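See below for the structure under consideration.
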Amino acid sequence: MATNSYTPQELMVAVASREIKDGDLVFVGMRLPILAYAVARNGHAPTARGLFEVGLMRDQPAEAFLGTMGDPPNVAGALWATRMSNVMALMAQGRVDLGFIGGAEVDRFGNLNTSYVGPPERPKVKLPGSGGGADIAILSRRWVTLMSHERRRLVEKVSFITSPGYGDGTPSWRKRNGLLGGGPAAIITTLCVLRFPEDGGEAYLSSVHPGHTVEEVRAETGWDLKVTARLQDTAPPTESELSAIRRFDPEGFWTRSA
Amino acid sequence: MSMADAIARFVPDGSTVAMGTSLEPLIPFAAGHEMIRQERRDLELVGPISDALFDQLIGAGCVRRVTAAWVGNVSEGLGHCYRRACEEKVPRALEVHDHSNFSISLALWAAAWNVPSLPTRTLLGSDILHNNPGLVAAEGLVQVKAVRPDVAIVHVQRADEMGRAHAWGPLGVMEEAGLAADRVIVTCEELVDAKVTLSDPNRILVPETKVVAVVHEPGGAHPSPVQGFFKRDHEFYRDYAEQSRSVDGYQTWLKRWVLEVPDRATYLSLIDVDSLRISRHRLSEPVDYGDE
């Protein structure tokens, strides 16, 4: 593949990597976020560290392909191999700067559902559940989610809040309910980036990926999406971002399949 | 002790069983498969995430309740048997007590420390609170009620006959599960002399006084990875995900890999074990327990 072309997933990874600041302690997760961490660590954030809920801390991401965070290459060369509650302790103290969470459904206030589509007592779809998602959403200082932009995924209101964003969207909802961390910073999709006001609340369209339009984004979003007055085009992946992505995902397992 | 004896003696019908406590690695699949062969019923399964094993037991009709943070197939996504049980009550209705990874750890620590509950700030604002009677929000905190397994089953790299188990790599919730449980079954890659385990007592996972059975079961965690021994068999997980999409496909899978397989040695003869064996070893430096 030529470096001047890229897949939607590669763009998402590059955008996600820019959310990581140098020196951040990042709750990494799997799939695209692990690549985002690899890109940041080998670019603008050389002193970031990654945490994995299985019970690991790393500096450099593993070079070998990972199917899960518990695969042997992710353990070899770790900075710390420990029990899960020790990793959670750091997050409970507010020492995790950024977390990544996967979601099946997200709503206009950034709440994620990975539990039940339909009523829990008789669900239409039983999704796998929280894993560490709820913990990251509540305790990390800020978090980001990545998902495919489809109307059935970006919904007006999730039927079940697994991992809370800004709740019902009323001012200071998180603070009033005792949630420690600051909440979602961005929703990175296959079409665009949604962000939130400083003090939380409702998601707005912040930038549109090259080749896509505001109309397309709004048509694929399940609520009347607000658009910032300072709307931008999402900056495409740089050559160095792309080369890092392809170094850590050489077969394109995570970034070149649908 | 053989796996068949360990399961027959220590995991009766209706037991609460903690498994998969180190998340993706060291999953005691061989023990789970033996429970299926012995037609265990009405089990409550406890764990943080379950990479395919809980799905298999649910599909086989062994399970009454799941108390866990996540049930599915980590590299492939949804657990199809779990879905069928929750959505269609197939093969039977399943009760789910939802947790997050942090809260299931706390529930096990509460049981380990013999207190009714432990407080935390996690799960505030999550609907999980409304879907599990073991989680109660009050005064800005969540009280996580103790979850006390009857038995925790752990797979480790090596153990001796007295139940001193050495596990390394990330430990997930193995320690609190072992401390919380009434009894522990250890399954291991290598059965070693006590002088090996006692040469490094810091590495012993759970108190030997809790261990009721040690089963020497090489490959007992396949397809999950075992640091220093086996890579994860990603394709095996993919095949399981594909085949378990339908009840018939699941039943065919079950027959081939569990029901018509008398024991783990036979199971291993059906896979290319050598392609999964780790060959690039990375030994740690020995530590000095010198005393005078």
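Taken in sequence, the protein lines are chains A and B.
The working numbering puts the first residue of the first sequence at 746, with every later residue one more than the last.
The working numbering puts the first residue of the second sequence at 99, with every later residue one more than the last.
All C-beta atoms in this analysis are idealised placements derived from N, C-alpha and C, irrespective of residue type, glycine included.
Treat the numbers as computed from the prediction; the structure is a model and nothing was measured.
Does any CB atom of chain B fall closer than 8 Å to the CB of D880 (chain A)? Against the first sequence, residue 880 (chain A) aligns to sequence position 135. With 8 Å as the cut-off, D880 (chain A) counts as an interface residue toward chain B.
In whole angstroms, give me the CA-to-CA distance for S762 (chain A) and R992 (chain A). Against the first sequence, residue 762 (chain A) aligns to sequence position 17. Against the first sequence, residue 992 (chain A) aligns to sequence position 247. Straight-line Cα distance between these residues: approximately 15 Å.
Inspect the beta-carbon positions of S203 (chain B) and I226 (chain B) and report whether they are closer than 8 Å. Within the second sequence, residue 203 (chain B) is the residue found at index 105, counting from 1. Within the second sequence, residue 226 (chain B) is the residue found at index 128, counting from 1. Result no, Cβ atoms of S203 (chain B) and I226 (chain B) do not sit closer than 8 Å.
Chain A partners of R330 (chain B), CB-CB under 7 Å? Position 232 of the second sequence, counted from the first residue, corresponds to residue 330 (chain B). Correct list: G812, T813, D816.
Output needed in chain order: residues of the stretch 231 to 262 of chain B with a Cβ under 7 Å from some Cβ in chain A. G238
When you compare only the Cα positions, how much space is there between M746 (chain A) and R921 (chain A)? Position 1 of the first sequence, counting from 1, holds the residue named residue 746 (chain A). Position 176 of the first sequence, counting from 1, holds the residue named residue 921 (chain A). Low confidence applies here, because M746 (chain A) scores a pLDDT of 46, under 50, leaving its location unreliable and the question unanswered by this model.
Would a check of beta-carbon distances place R803 (chain A) closer than 8 Å to chain B? Against the first sequence, residue 803 (chain A) aligns to sequence position 58. No, R803 (chain A) lies away from the interface with chain B (no Cβ there is under 8 Å from its Cβ).
Check whether chain A comes within 8 Å of Y365 (chain B), counting only Cβ atoms and requiring the distance to be less than that. By one-based count along the second sequence, residue 365 (chain B) stands at place 267. By this cut-off, Y365 (chain B) is not an interface position.
Quick one: using the 10 Å Cβ neighbour count with 16 as the cut-off for buried, is Q805 (chain A) buried or exposed? As a working note, residue 805 (chain A) is residue 60 in the first sequence. Q805 (chain A) comes out exposed.
Range of the contiguous beta strand (DSSP E) that encloses G1005 (chain A): In the structure as shown, chain A starts at 746 and stops at 1003, and residue 1005 (chain A) therefore has no counterpart that could be examined.
Apply the 10 Å Cβ neighbour rule to G863 (chain A) and answer buried if 16 or more other Cβ atoms are within range, or exposed otherwise. As a position in the first sequence, residue 863 (chain A) is number 118, starting the count at 1. It counts as exposed.
Secondary structure of W731 (chain A), DSSP reduced to three states: The structure shown does not extend to residue 731 (chain A), since chain A is modelled only from 746 to 1003, so the question has no answer here.
Mind pulling the chain A residues with CB within less than 7 Å of L121 (chain B)? Position 23 of the second sequence holds residue 121 (chain B). Near L121 (chain B) (Cβ distances below 7 Å), the residues of chain A are V799, G815.
Residues, ordered as in the chain, of the stretch 144 to 176 of chain B that lie near chain A by beta-carbon distance below 8 Å: P146, I147, D149, A166, A167, W168, V169, G170, V172, S173, G175, L176
Between S198 (chain B) and chain A, is the shortest Cβ-Cβ distance under 8 Å, so that the two count as touching? Here residue 198 (chain B) refers to the residue found at position 100 when the second sequence is read from its first residue. At least one chain A Cβ lies under 8 Å of S198 (chain B).
Stretch pair the stretch 900 to 908 of chain A + the stretch 940 to 955 of chain A: three plus CB contacts closer than 8 Å: no
What number of angstroms, rounded off, separates the C-alpha of G159 (chain B) from the C-alpha of S322 (chain B)? If you number the second sequence from 1, residue 159 (chain B) lands on position 61. If you number the second sequence from 1, residue 322 (chain B) lands on position 224. Each residue's Cα considered, the two are about 22 Å apart.
At what residue ranges does the stretch 879 to 941 of chain A contain a whole run of the beta strand (DSSP E), taking only runs of 3 or more? 888 to 892, 929 to 934, 937 to 940
If you run the structure through DSSP and keep just helix, strand and coil, what is D111 (chain B)? Residue numbering aside, residue 111 (chain B) sits at position 13 when the second sequence is read from its first letter. Of the three classes helix, strand and coil, the one that applies to D111 (chain B) here is coil, per DSSP.
Which residues, taken in chain order from the stretch 819 to 834 of chain A, show a beta carbon closer than 7 Å to some beta carbon of chain B? V820, A821, A826, T827, R828, M829, S830, M833
Counting only Cβ pairs nearer than 8 Å, list the residues of chain A close to W207 (chain B). Numbered from its first residue, the second sequence carries residue 207 (chain B) at position 109. Simply S830.
Considering only the beta carbon of each residue, do I376 (chain B) and F327 (chain B) sit closer than 8 Å? Taking the second sequence and counting its residues from 1, one reaches residue 376 (chain B) at position 278. Taking the second sequence and counting its residues from 1, one reaches residue 327 (chain B) at position 229. Yes, these two residues count as a Cβ contact at 8 Å.
On the DSSP letters alone, give me the boundaries of the beta strand (DSSP E) that N171 (chain B) sits inside. Residue 171 (chain B) sits at position 73 when you count from the first residue of the second sequence. It spans 161 to 171 - the beta strand (DSSP E) in which N171 (chain B) sits, taken as one unbroken run.
Listing by chain order, which chain A residues have their CB less than 7 Å from the CB of L325 (chain B)? As a first step, residue 325 (chain B) must be located in the second sequence, where it is residue number 227. As written in the sequence, residue 325 (chain B) is Gln, which differs from the Leu given in the question. Going along chain A in sequence order, the residues near Q325 (chain B) (Cβ under 7 Å) are P817, V820.
Below 8 Å on the Cβ atoms is my guess for L756 (chain A) versus W999 (chain A); work out the distance and round it to an integer in Å. The count along the first sequence starts at 1 and reaches residue 756 (chain A) at position 11. The count along the first sequence starts at 1 and reaches residue 999 (chain A) at position 254. Not confirmed; about 13 Å, so no contact.
In this structure, does DSSP put K353 (chain B) in helix, strand or coil? Numbered from 1 along the second sequence, position 255 holds the residue referred to as residue 353 (chain B). K353 (chain B) falls in the helix class under three-state DSSP.
What residues from chain A crowd round S203 (chain B), counting only those whose CB sits closer than 9 Å? The sequence position of residue 203 (chain B) within the second sequence is 105, counting from 1. Chain A residues near S203 (chain B): R828, M829, S830, M833.
Please list, in chain order, all residues of the same chain as M82 (chain B) whose beta carbon is under 7 Å from its beta carbon, the five residues on each side excluded. For residue 82 (chain B) there is no data in the structure shown, the boundaries of chain B being 99 and 390.
Helix or strand or just coil, what does DSSP make of E200 (chain B)? Counting from 1 along the second sequence, the entry for residue 200 (chain B) is found at position 102. According to the sequence provided, residue 200 (chain B) is Phe. The question's Glu does not apply to it. Helix at F200 (chain B).
Exposed or buried, D386 (chain B), counting other C-beta atoms within 10 Å across all chains shown (16 or more means buried)? Position 288 of the second sequence, counted from the start, is the residue given in the question as residue 386 (chain B). It counts as exposed.
Whole-angstrom Cβ separation of L176 (chain B) and L155 (chain B), contact assumed at under 8 Å? Here residue 176 (chain B) refers to the residue found at position 78 when the second sequence is read from its first residue. Here residue 155 (chain B) refers to the residue found at position 57 when the second sequence is read from its first residue. Not really, about 16 Å apart at Cβ, beyond 8 Å.
So which residues of chain A does V271 (chain B) contact, with C-beta pairs closer than 8 Å? Translated into the one-based positions of the second sequence, residue 271 (chain B) becomes position 173. Residues of chain A passing the Cβ test: R828, M829, S830.
With a cut-off of 8 Å on the beta carbons, I'd call L770 (chain A) and R840 (chain A) a contact; round off their distance for me. Looking up residue 770 (chain A) in the first sequence gives position 25. Looking up residue 840 (chain A) in the first sequence gives position 95. Right, the Cβ-Cβ distance comes to about 6 Å (below 8 Å), so this counts as a contact.
As assigned by DSSP and simplified to three states, the class of N787 (chain A): Here residue 787 (chain A) refers to the residue found at position 42 when the first sequence is read from its first residue. Looking at N787 (chain A) - three-state DSSP - the assignment turns out to be coil, as it is neither helix nor strand.
Confirm, please, whether the CB-CB distance from G912 (chain A) to G223 (chain B) is below 8 Å. For the purposes of this step, residue 223 (chain B) is taken as residue 125 along the second sequence, with counting starting at 1. For the purposes of this step, residue 912 (chain A) is taken as residue 167 along the first sequence, with counting starting at 1. In this structure, G912 (chain A) lies closer than 8 Å to G223 (chain B) by Cβ.
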